Amino acid sequence: MELLLALASGVLYAAGIYLMLRRRLVQLIIGLGLLSNGTNLLIFTAGGLTRGRPPVLAEGTAVLQQPYADPVPQALVLTAIVIGFGLLAFSLVLAHRVHDTVGSDDVDDLGRDG
Amino acid sequence: MMLVLPILVPLSTAAVLMLAPKRPNPQRWISLAGAVVLLASAIAIFLRVNEAGVQVVQISAWPAPFGITLVADLLAAILVVAVGVVGTAIAGVAFSGVDPRREAFGYHPLVQILLMGVAGAFLTGDLFNLYVWFEVMLVASFVLMALNRTRPQMEAAFKYVTINLIASSIFLTALGLLYGATGTLNMAALARAWPTVGSPGVHTVLAVLFLIAFSIKAGLFPLFFWLPASYHTPPAAIGAVFAGLLTKVGVYALIRVFTLLFHGQSPALVWLLLAMSAATMVIGLVAALTERDFRRVLSFNLVGHIGYTTASLSLLTPAALAGAILYVLHHIVVITNLYLVSGVLLRLRRTTDAAGLGGLYRDRPAFAVLAMIPIFSLAGVPPLSGFLGKLAIVEGAFSAGAHWVGGLVLVVGLLTLLSMARLWSDSFWRPAADTPDFASPGAPLVAAITLLSLITVAMTVGAEPLFALASRGAHQLLQRDEYIRAVLGEAP
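Chains as they are written, first to last, in the numbering used here: chain A, 1 to 114; chain B, 1001 to 1492.
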């Protein structure tokens, strides 16, 4: 399972970086989205995977029994997803505005005058 | 609970500003009041830290390393005071007029959010929390930068947003791997756990990821190209707060991770940082000499001087680190001030390009003399604060045995002097045709410049206690025990 998730997050990183190297604004933004999702998956995987053992105390016990799923990476991923979503929404609006102002979605046209 | 104030005050000011009438006057006054309260609370924290040592707040009383910890050691406390000073100056500048579009779309609350993000980044004791503050600060800066539809601003904003999002992704990747390797992101707990966990390979990968992420934010060679491409486009007040505070957060993060985590662990990494800093200094200042636009010259000087602080950080001796702290403080005040000076030039002549300037010493002698203070302080002319900062760095470098670093700082200092002398001569001294002023320089703007210049002079006069303070701050950073004990208690 770890291997599968590691591969998935690697593929997301690679696809994200490839798209960010393209010249079109939309591809750049999709690339950013993939990159941030790859990162989220990485945090989740690096924190260790434990299936079917939620970190909840059984009735009448005071200490969690090992092994249990670590709640911290899940909290981190949750925060990162929210932040990533906000930033993605912002960059979409920004790209729309850039397109309105510049009249092109080619990154190379940004620096050109006129 | 005092430590929460630099975060709560701007947050509540921003909330009030969003509810308050959208007319300029109430907005400006509320914003200024918020900034002054922020400054007062920062000074109170600083006095407490100065007297009683490292201060810690565990949010919601969750014990470290499980909850979020706020920590103020001397470095953090001094920097939060600097945030208060810059915030007050910027809020004051708004009285001489903000672009009406920006003001209507939330300029004032955004500045407050930006200040909150910077203060939070300085005070947090948790790396993931640092990431969150980075994002708070960045989103506010993104909107401030993009709140206009002119072509150069759109271009600059897009570059700025993209590179910063990439840096954030790298930072977050490093955090995920770090948690996987150590099981904690609390800085003090990491400092304790770091040497015992993982293989050298893991250490190197993490260290390089952090180095790249923070170097993009701080603007180190070869990752600084976004900075001169974007900082000269927004209005002067926004440029001032970006230049004064945002890159310094990157430097602060580098200082934190290098002193707490990578301390004495990987000589190769320290060499990498030193080489990057040396290249930053030289390339930044050489590029500054090729520019003739006031704000572009400042951008490249900003980049070059970041190299000073990271070069002396990489030496990791108390004297060099004290020099870095002193220089960061000097630089925050002076570079903010210079961007505000560029704002006056913009109002007088509608341009900051050398071709449209000149003759200001003849037209406005008092302002020309006032502008000499930050310009020649940045140049490092004795006895101003820039000279003292450089002196501390050079002394630190020579006493650490890194003679070539000291020599390089001196050579780059000469280039800075050249660049600043030309800047002053281009804008103030050079004879120019009689051109009528487009607008008045703006009394509040000049008042803010005067305030910051007075602080520069005060830093010069009070150099002795200030240097002693920076030395104590540096010792505290290198003797990590006080920080770690304050957060976690005695070692088990």
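A virtual CB, placed ideally from N, CA and C, is assigned to each residue, including glycine.
These numbers come from a predicted model, not from an experiment.
Three-way DSSP call (helix, strand, coil) for residue i in this model
{"i": "B:Thr1233", "result": "coil"}
{"i": "B:Ala1174", "result": "helix"}
{"i": "B:Asn1186", "result": "strand"}
{"i": "B:Leu1070", "result": "strand"}
{"i": "B:Thr1150", "result": "coil"}
{"i": "B:Thr1088", "result": "helix"}
{"i": "B:Val1270", "result": "helix"}
{"i": "A:Arg24", "result": "strand"}
{"i": "B:Thr1204", "result": "helix"}
{"i": "A:Val93", "result": "helix"}
{"i": "B:Val1056", "result": "strand"}
{"i": "B:Thr1124", "result": "strand"}
{"i": "A:Asp70", "result": "coil"}
{"i": "B:Asp1099", "result": "coil"}
{"i": "A:Tyr13", "result": "helix"}
{"i": "B:Asp1481", "result": "helix"}
{"i": "A:Asp105", "result": "coil"}
{"i": "A:Gly114", "result": "Residue placement at A:Gly114 cannot be trusted, given a pLDDT of 42 that sits under 50; what the coordinates show is reported in the next sentence. A:Gly114 falls in the coil class under three-state DSSP."}
Beta-carbon proximity list for residue i, same chain, < 6 angstroms, skipping 5 on both sides
{"i": "B:Leu1110", "result": "Ala1140, Val1143, Leu1144"}
{"i": "B:Pro1026", "result": "Ala1020"}
{"i": "B:Ala1014", "result": "Pro1109, Gln1112, Ile1113"}
{"i": "B:Ser1215", "result": "Leu1223"}
{"i": "B:Thr1317", "result": "Ala1400"}
{"i": "A:Arg22", "result": "none"}
{"i": "B:Tyr1107", "result": "Val1098"}
{"i": "B:Pro1234", "result": "Met1145"}
{"i": "B:Ile1212", "result": "Ile1170"}
{"i": "A:Pro73", "result": "Ile43, Phe44, Gly47"}
Close Cβ partners of residue i (< 7 angstroms) along its chain, the five nearest in sequence each way excluded
{"i": "B:Tyr1308", "result": "Met1281, Tyr1327, Ile1393, Val1409"}
{"i": "A:Ile30", "result": "Leu19"}
{"i": "B:Glu1291", "result": "Val1297, Phe1300"}
{"i": "B:Ser1314", "result": "Val1270, Leu1273, Leu1274, Ser1277"}
{"i": "B:Phe1128", "result": "Leu1175, Leu1185"}
{"i": "B:Thr1173", "result": "Leu1209"}
{"i": "B:Ile1090", "result": "Val1111, Ala1237, Ala1240, Val1241"}
Same chain, Cβ closer than 8 angstroms to residue i, five either side skipped, listed in chain order
{"i": "B:Ala1181", "result": "Val1197, Gly1198, Val1202, Leu1206"}
{"i": "B:Leu1285", "result": "Phe1300, Asn1301, Gly1304, Val1412, Leu1415, Thr1416, Ser1419"}
{"i": "B:Asp1293", "result": "His1232, Thr1352, Asp1353, Ala1354"}
{"i": "B:Arg1472", "result": "Leu1074"}
{"i": "B:Asn1050", "result": "Leu1074, Ala1077, Leu1469"}
Cβ-Cβ separation, residue j to residue i (assumed contact under 8 angstroms), whole Å
{"i": "B:Phe1046", "j": "B:Ala1077", "result": "4 angstroms"}
{"i": "B:Leu1360", "j": "B:Ala1354", "result": "With a Cβ gap of about 12 angstroms, B:Leu1360 and B:Ala1354 do not count as contacting."}
{"i": "B:Pro1006", "j": "B:Ala1042", "result": "6 angstroms"}
{"i": "B:Ala1072", "j": "B:Gln1055", "result": "5 angstroms"}
{"i": "B:Leu1177", "j": "B:Leu1123", "result": "With a Cβ gap of about 25 angstroms, B:Leu1177 and B:Leu1123 do not count as contacting."}
{"i": "B:Leu1451", "j": "B:Met1459", "result": "Between B:Met1459 and B:Leu1451 the Cβ distance is about 13 angstroms, and since that is not below 8 angstroms, they are no contact."}
{"i": "B:Ile1373", "j": "B:Val1457", "result": "7 angstroms"}
{"i": "B:Tyr1179", "j": "B:Trp1226", "result": "So it is not a contact: roughly 28 angstroms between Cβ atoms."}
{"i": "A:Leu32", "j": "A:Gly16", "result": "7 angstroms"}
Check your understanding: Quick one, which residues of the segment 80-96 of chain A are near chain B if we go by CB-CB under 8 angstroms, in chain order?
Key -> Ala80, Ile83, Gly86, Leu87, Phe90, Ser91, Leu94, Ala95
**Study point:** Three CB pairs or more closer than 8 angstroms across the segment 1032-1046 of chain B and the segment 93-110 of chain A
**Key:** no
Check your understanding: Just by C-beta distance, which residues in the segment 7-38 of chain A are closer than 7 angstroms to chain B?
Key -> Listed by position, the residues of the segment 7-38 of chain A near chain B (Cβ gap below 7 angstroms) are Leu28, Leu32, Leu35, Ser36.
Check your understanding: Are there three or more Cβ pairs, one per stretch, closer than 8 angstroms when the segment 29-40 of chain A is compared with the segment 1161-1178 of chain B?
Key -> yes
Check your understanding: Mind listing which residues of the segment 61-74 of chain A have their C-beta closer than 9 angstroms to chain B's C-betas, in chain order?
Key -> Asp70, Val72, Pro73
Check your understanding: Mind listing which residues of the segment 1161-1173 of chain B have their C-beta closer than 7 angstroms to chain A's C-betas, in chain order?
Key -> Val1161, Thr1162, Leu1165, Ser1169, Leu1172, Thr1173
Exercise for review: Could you please tell me which residues of the segment 1339-1373 of chain B, in chain order, have their CB closer than 8 angstroms to any CB of chain A?
Suggested key: Per Cβ criterion, the list is empty.
Exercise for review: Taking 8 angstroms as the threshold, find out whether the segment 1307-1321 of chain B comes into contact with the segment 1339-1352 of chain B through three or more Cβ pairs.
Suggested key: Here the segment 1307-1321 of chain B does not lie against the segment 1339-1352 of chain B, with fewer than 3 beta-carbon pairs under 8 angstroms apart.
Check your understanding: the segment 1211-1240 of chain B: which residues have C-beta closer than 7 angstroms to a C-beta of chain A, in chain order?
Key -> none
**Study point:** chain A contacts from the segment 1177-1204 of chain B (Cβ-Cβ distance under 9 angstroms)
**Key:** Leu1177, Leu1178, Tyr1179, Gly1180, Ala1181, Gly1183, Thr1184, Leu1185
**Study point:** Residues of the segment 1142-1155 of chain B with Cβ closer than 7 angstroms to any Cβ of chain A, in chain order
**Key:** Phe1142, Ala1146, Arg1149, Arg1151, Met1154, Glu1155
Review point. Are the segment 1238-1258 of chain B and the segment 1116-1133 of chain B touching by the rule of at least three beta carbon pairs closer than 8 angstroms?
Key: By the Cβ rule, the segment 1238-1258 of chain B counts as touching the segment 1116-1133 of chain B, because three or more pairs are nearer than 8 angstroms.
**Study point:** Positions along the segment 1241-1262 of chain B whose CB lies within less than 9 angstroms of some CB in chain A
**Key:** none
Check your understanding: Okay, do the segment 58-71 of chain A and the segment 101-111 of chain A touch, 3+ Cβ pairs below 8 angstroms being the bar?
Key -> Contact between the segment 58-71 of chain A and the segment 101-111 of chain A is absent, with fewer than three C-beta pairs closer than 8 angstroms.
Check your understanding: Given a limit of 8 angstroms on CB to CB distance, which residues of the segment 1026-1053 of chain B reach chain A?
Key -> none
Review point. Any contact of the segment 1329-1343 of chain B with the segment 1377-1385 of chain B, i.e. 3+ C-beta pairs under 8 angstroms?
Key: yes
Exercise for review: Closer than 9 angstroms, Cβ to Cβ, to anything on chain A: give me those residues from the segment 1050-1075 of chain B, in chain order.
Suggested key: Phe1066
Practice item. Report the residues of the segment 1114-1128 of chain B with a CB closer than 7 angstroms to any CB of chain A, ordered along the chain. Key: Here the close residues are Phe1128.
Review point. Using a Cβ cut-off of 9 angstroms, which residues of the segment 1384-1395 of chain B contact any Cβ in chain A, in chain order?
Key: Per Cβ criterion, the list is empty.
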